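Enquirer: In our numbering, each residue's number is its place in the sequence shown (first place is 1) plus 8. Backbone N, C-alpha and C fix where the C-beta goes; we use that ideal spot for every residue, glycine too. No experiment lies behind these values; they were computed from the predicted model shown. Just passing along the structure, written as structure tokens.
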Amino acid sequence: MITPANRIVSSGHYIFEEIAQMKRKDPRPAEDIFDLGVGSPDQPPHGDIFEMLNKHVRAMQEHNSRYSPFDGAPEFRKAVANWYQRRFGVTVNPNGEVLPLIGSKEGIAKLMLAYINPGDTVVIATPCYPAYLGAAKIVEANVVELPLHAENNYLPDYDDVPQSAWDKAKLLFLNYPNNPIGAAAELPVYQKALELADKYDFIVVSDLAYSELALEPGTPTPSIMQLPGAKELAVEFHSFSKSYNMAGWRLGWVVGNPQIIADLVKIKANMDFSQFLAIQRTGADILNSSTDYAEAQRKQYRRRRDLFIEGFGQLGWHLTPPRAAMYIWDRVPRRYADAGVFAKEFFRDTGVIVSPGSAFGSHCKDFMRISMVIDEDRIARLLKKVRESGFKFDQGAHTAR
Numbered sequence: 009m010i011t012p013a014n015r016i017v018s019s020g021h022y023i024f025e026e027i028a029q030m031k032r033k034d035p036r037p038a039e040d041i042f043d044l045g046v047g048s049p050d051q052p053p054h055g056d057i058f059e060m061l062n063k064h065v066r067a068m069q070e071h072n073s074r075y076s077p078f079d080g081a082p083e084f085r086k087a088v089a090n091w092y093q094r095r096f097g098v099t100v101n102p103n104g105e106v107l108p109l110i111g112s113k114e115g116i117a118k119l120m121l122a123y124i125n126p127g128d129t130v131v132i133a134t135p136c137y138p139a140y141l142g143a144a145k146i147v148e149a150n151v152v153e154l155p156l157h158a159e160n161n162y163l164p165d166y167d168d169v170p171q172s173a174w175d176k177a178k179l180l181f182l183n184y185p186n187n188p189i190g191a192a193a194e195l196p197v198y199q200k201a202l203e204l205a206d207k208y209d210f211i212v213v214s215d216l217a218y219s220e221l222a223l224e225p226g227t228p229t230p231s232i233m234q235l236p237g238a239k240e241l242a243v244e245f246h247s248f249s250k251s252y253n254m255a256g257w258r259l260g261w262v263v264g265n266p267q268i269i270a271d272l273v274k275i276k277a278n279m280d281f282s283q284f285l286a287i288q289r290t291g292a293d294i295l296n297s298s299t300d301y302a303e304a305q306r307k308q309y310r311r312r313r314d315l316f317i318e319g320f321g322q323l324g325w326h327l328t329p330p331r332a333a334m335y336i337w338d339r340v341p342r343r344y345a346d347a348g349v350f351a352k353e354f355f356r357d358t359g360v361i362v363s364p365g366s367a368f369g370s371h372c373k374d375f376m377r378i379s380m381v382i383d384e385d386r387i388a389r390l391l392k393k394v395r396e397s398g399f400k401f402d403q404g405a406h407t408a409r
């Protein structure tokens, strides 16, 4: 048999693919399986959004079925620019500084393809969205992790990366509000990153996918583009997937440095087109609307978070409440040195699937992530199942790090 390319061999298995396989092989009925592994919203988008899509599918049907432009629908790019102005007070040029994406995951992978040769250095703040690590492996990058620790509120200490790595860095990935942690950052975090990028000549990549999912008043969700010089040194990704329950619609965007945007268009031109025009036009309507379609999700995840924290706390597993996003991140019970072992035993005994921390960074093997993607009735059933299973958490005290 033909040997696959190194990029396939080195990429390994995507953690959520492994979770799906484990779930498929389990003989228990579906109602006794609680999948908290993948961060896929369980609720549909707001009804208005379906009406928007229906309107655009029916309008100019012959044009909808054609290939969409590589650089996306002009009305979508303009809506993104207007949203940035209203939301952050930032001016971006819709013609050259905005690119629609088939989900931000696509854009992240293509940014790696555009800028990383085998052996080039990529700095990634971890724990992180696993797609950063996966894309880096596919392009055979040298990954340097910038570890985020609890005692620093999961904010980066840039001194943890040696100067020799900064000298070679081509990309720095930051994600706030953070997946998987739910931590939030303020502008000084980005300011320092831009100063380093200017000094060492690399690109700062801000992933702002969860900016509309702050779970508490006053939680900061700024854009790096609010800072002077950001458009010269950075790009920022955004997504409709989580804020609007549109994960399967595959719509996102990237804004920032026009040369980087142009290079991403070149990659797209050789690999795909842009998203279905009716979906892009629906996205434009959402961004242009005076209705905050993410508010229902914020309320929903806040309620779910509180139920999980209280319910598991009563069972002896004391978890840290996230400030934002749709995940709970914490240590596994003390008797487990490896969250992968915990995840398998927890699923075996309770039917509950969680994501082991090793997928999110090399220093995270004793952590796990819960995705809050089941409704309140299912949460109550889950907690009852865990209680009846007799699973022992014996968490004890951990030293924060």
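How far does the alpha helix (DSSP H) with Ala143 in it reach, from first residue to last?
Expert: Here residue 143 is taken as the residue at index 135 of the sequence shown, counted from 1. From DSSP, the alpha helix (DSSP H) with Ala143 extends over Pro138 to Ile146.
Enquirer: Can the beta-carbon of Val130 be found less than 8 angstroms from the beta-carbon of Leu154?
Expert: The residue labelled residue 130 in the question sits at position 122 within the sequence shown. The residue labelled residue 154 in the question sits at position 146 within the sequence shown. In this structure, Leu154 does not lie closer than 8 angstroms to Val130 by Cβ.
Enquirer: Just list the beta strand (DSSP E) runs in the segment 23-63, keeping only unbroken ones of 3 residues or longer that don't cross its boundaries, in chain order.
Expert: Segments of the beta strand (DSSP E) lying fully in the segment 23-63: there are none.
Enquirer: Between which two residues does the alpha helix (DSSP H) harbouring Tyr335 extend?
Expert: Mapped onto the sequence shown, residue 335 falls at position 327. Run containing Tyr335: none in the alpha helix (DSSP H); it sits in the beta strand (DSSP E), Tyr335 to Arg339.
Enquirer: Please report the straight-line C-alpha distance between Leu179 and Leu323, rounded to a whole angstrom.
Expert: Locating residue 179 in the sequence shown gives position 171, counting from the first residue. Locating residue 323 in the sequence shown gives position 315, counting from the first residue. One C-alpha to the other measures close to 42 angstroms.
Enquirer: Under 8 angstroms Cβ to Cβ from Asp271, same chain only, skipping five residues before and after it: list those, please.
Expert: Position 263 of the sequence shown, counting from 1, holds the residue named residue 271. Correct list, in chain order: Ala122 and Tyr123.
Enquirer: Is Asp175 helix, strand or coil when you go by DSSP?
Expert: Here the question's residue 175 lines up with position 167 in the sequence shown. Looking at Asp175 - three-state DSSP - the assignment turns out to be helix.
Enquirer: Select from Phe78, Phe248, Phe210 and Leu295 the residue whose C-alpha is nearest the C-alpha of Arg94.
Expert: For the purposes of this step, residue 94 is taken as the residue at position 86 of the sequence shown. Comparing Cα positions, the closest option is Leu295.
Enquirer: Could you spell out the range, first to last residue, of the alpha helix (DSSP H) harbouring Gly348?
Expert: Within the sequence shown, the letter at position 340 stands for residue 348. Gly348 -> alpha helix (DSSP H) spans Ala347 to Thr358.
Enquirer: From what residue to what residue does the alpha helix (DSSP H) around Trp91 run?
Expert: As a first step, residue 91 is located in the sequence shown; it is residue number 83 there, counting from the start. It spans Pro82 to Phe96 - the alpha helix (DSSP H) in which Trp91 sits, taken as one unbroken run.
Enquirer: With DSSP collapsed to three states, give me the class of Met233.
Expert: Mapped onto the sequence shown, residue 233 falls at position 225. Helix.
Enquirer: Taking the CB atoms as reference points, tell me whether Ile382 and Arg258 lie closer together than 8 angstroms.
Expert: By 1-based counting over the sequence shown, the position of residue 382 is 374. By 1-based counting over the sequence shown, the position of residue 258 is 250. No. Outside cutoff.
Enquirer: Could you check what DSSP says for Asp151 in three-state terms: helix, strand or coil?
Expert: Reading the sequence shown from its first residue, position 143 is the one you call residue 151. Asp is not the amino acid found at residue 151; the sequence shown has Val there. Correct three-state label for Val151: strand.
Enquirer: If you reduce the DSSP assignment to three classes, tell me which class Arg74 lands in.
Expert: Translated into the one-based positions of the sequence shown, residue 74 becomes position 66. Arg74 falls in the coil class under three-state DSSP.
Enquirer: On a CA-only basis, which of Arg331, Lys393 and Glu83 is nearest Thr358? Give me that one, please.
Expert: If you number the sequence shown from 1, residue 358 lands on position 350. For the residues Arg331, Lys393 and Glu83, the minimum Cα distance to Thr358 belongs to Lys393.
Enquirer: Determine whether the beta carbon atoms of Tyr208 and Ala177 lie at a separation below 8 angstroms.
Expert: Against the sequence shown, residue 208 aligns to sequence position 200. Against the sequence shown, residue 177 aligns to sequence position 169. Result yes, Cβ atoms of Tyr208 and Ala177 sit closer than 8 angstroms.
Enquirer: Between which two residues does the alpha helix (DSSP H) holding Val273 run?
Expert: Position 265 of the sequence shown, counted from the first residue, corresponds to residue 273. Note, Val273: alpha helix (DSSP H), Pro266 to Met279.
Enquirer: With burial defined as no fewer than 16 other Cβ atoms inside 10 Å of the residue's Cβ, what is the status of His246: buried or exposed?
Expert: Position 238 of the sequence shown, counting from 1, holds the residue named residue 246. So His246 ends up on the buried side.
Enquirer: Looking at the unbroken alpha helix (DSSP H) that takes in Pro196, where does it start and where does it end?
Expert: Position 188 of the sequence shown, counting from 1, holds the residue named residue 196. Where Pro196 is concerned, the enclosing alpha helix (DSSP H) stretches over Leu195 to Tyr208.
Enquirer: What's the gap between the Cα of Arg85 and the Cα of Phe281?
Expert: Reading the sequence shown from its first residue, position 77 is the one you call residue 85. Reading the sequence shown from its first residue, position 273 is the one you call residue 281. Approximately 15 angstroms between the Cα atoms of the pair.
Enquirer: Do you know how far the Cα of Ser379 is from the Cα of Leu156?
Expert: Taking the sequence shown and counting its residues from 1, the one referred to as residue 156 is at position 148. Taking the sequence shown and counting its residues from 1, the one referred to as residue 379 is at position 371. Between Leu156 and Ser379, the C-alpha separation is close to 20 angstroms.
Enquirer: Comparing the CB of Leu216 with every heavy atom of the ligand SAH, is any distance shorter than 7 angstroms?
Expert: With respect to the ligand SAH, the structure offers nothing, as it holds no ligand at all.
Enquirer: By Cβ distance, which residues of its chain are closer than 7 angstroms to Pro286, with the 5 residues on each side in sequence left out?
Expert: To locate residue 286, count along the sequence shown from 1; it is residue 278. It should be pointed out that residue 286 corresponds to Ala in this sequence rather than to Pro. Leu61, His64, Val65 and Asn72.
Enquirer: DSSP three-state call for Ala242: helix, strand or coil?
Expert: Stepping through the sequence shown from its first residue, residue 242 is reached at position 234. DSSP places Ala242 in strand when its eight states are reduced to three.
Enquirer: Relative to the alpha-carbon of Tyr335, which residue among Pro341, Gly348, Phe355 and Phe368 has its alpha-carbon at the smallest distance?
Expert: Taking the first residue of the sequence shown as position 1, residue 335 is located at position 327. Selected option, being the one with the closest Cα: Phe368.
Enquirer: Is Thr407 helix, strand or coil by DSSP?
Expert: Here residue 407 refers to the residue found at position 399 of the sequence shown. Bear in mind that the predicted position of Thr407 carries a pLDDT of just 41, short of 50, making it unreliable; the figure below should be weighed with that in mind. In the structure shown, Thr407 sits in coil (DSSP, three-state: anything other than H, G, I, E or B).
Enquirer: Tell me the rounded alpha-carbon separation between Gln298 and Glu25.
Expert: Position 290 of the sequence shown, counting from 1, holds the residue named residue 298. Position 17 of the sequence shown, counting from 1, holds the residue named residue 25. The sequence given here has Ser at residue 298, not Gln. Roughly 38 angstroms between the two C-alpha positions.
Enquirer: State buried or exposed for Gly55, treating a residue as buried only when at least 16 other CB atoms are found within 10 Å of its CB.
Expert: Position 47 of the sequence shown, counted from the start, is the residue given in the question as residue 55. With fewer than 16 Cβ atoms within 10 Å of its Cβ, Gly55 is classed as exposed.
Enquirer: Report, in whole angstroms, the separation of the C-beta atoms of Pro53 and Met254, which I expect to be a contact under 8 angstroms.
Expert: The residue given as residue 53 occupies position 45 in the sequence shown. The residue given as residue 254 occupies position 246 in the sequence shown. Between Met254 and Pro53 the Cβ distance is about 5 angstroms, and since that is below 8 angstroms, they are a contact.
Enquirer: Determine whether the beta carbon atoms of Val213 and Val243 lie at a separation below 8 angstroms.
Expert: Translated into positions along the sequence shown, residue 213 becomes position 205. Translated into positions along the sequence shown, residue 243 becomes position 235. Yes, the Cβ-Cβ distance between Val213 and Val243 is below 8 angstroms.
Enquirer: Counting only the same chain and skipping the five closest in sequence on each side, list residues whose C-beta sits under 8 angstroms from that of Asp50.
Expert: The residue you call residue 50 lines up with position 42 of the sequence shown. Within the same chain, Asp50 has close Cβ partners Val381, Ile382 and Asp383.
Enquirer: Leaving out five residues before and five after Arg409 in sequence, what residues of the same chain have Cβ atoms less than 7 angstroms from its Cβ?
Expert: By 1-based counting over the sequence shown, the position of residue 409 is 401. Annotation note: pLDDT 40 at Arg409 (below 50); position unreliable, coordinate value reported separately. So the qualifying residues of the chain are His157, Ala158 and Glu159.
Enquirer: Can you tell me the Cα-Cα spacing of Glu194 and Asn187, whole angstroms?
Expert: Taking the sequence shown and counting its residues from 1, one reaches residue 194 at position 186. Taking the sequence shown and counting its residues from 1, one reaches residue 187 at position 179. Distance between the alpha carbons of Glu194 and Asn187: 16 angstroms.
Enquirer: May I ask you to list the residues that DSSP assigns as paired with Asp215?
Expert: In the sequence shown, the residue the question calls residue 215 occupies position 207. Asn183 and Phe245, per the DSSP bridge assignment.
Enquirer: Rounded to the nearest angstrom, how far is the Cβ of Gln288 from that of Ala81, given a contact under 8 angstroms?
Expert: In the sequence shown, residue 288 corresponds to position 280, counting from 1. In the sequence shown, residue 81 corresponds to position 73, counting from 1. Yes, they are in contact, since the Cβ atoms of Gln288 and Ala81 sit about 4 angstroms apart, within 8 angstroms.
Enquirer: Whose C-alpha, out of Arg356, Asp128 and Val169, is nearest the C-alpha of Thr134?
Expert: Here residue 134 is taken as the residue at index 126 of the sequence shown, counted from 1. Nearest option by C-alpha distance: Val169.
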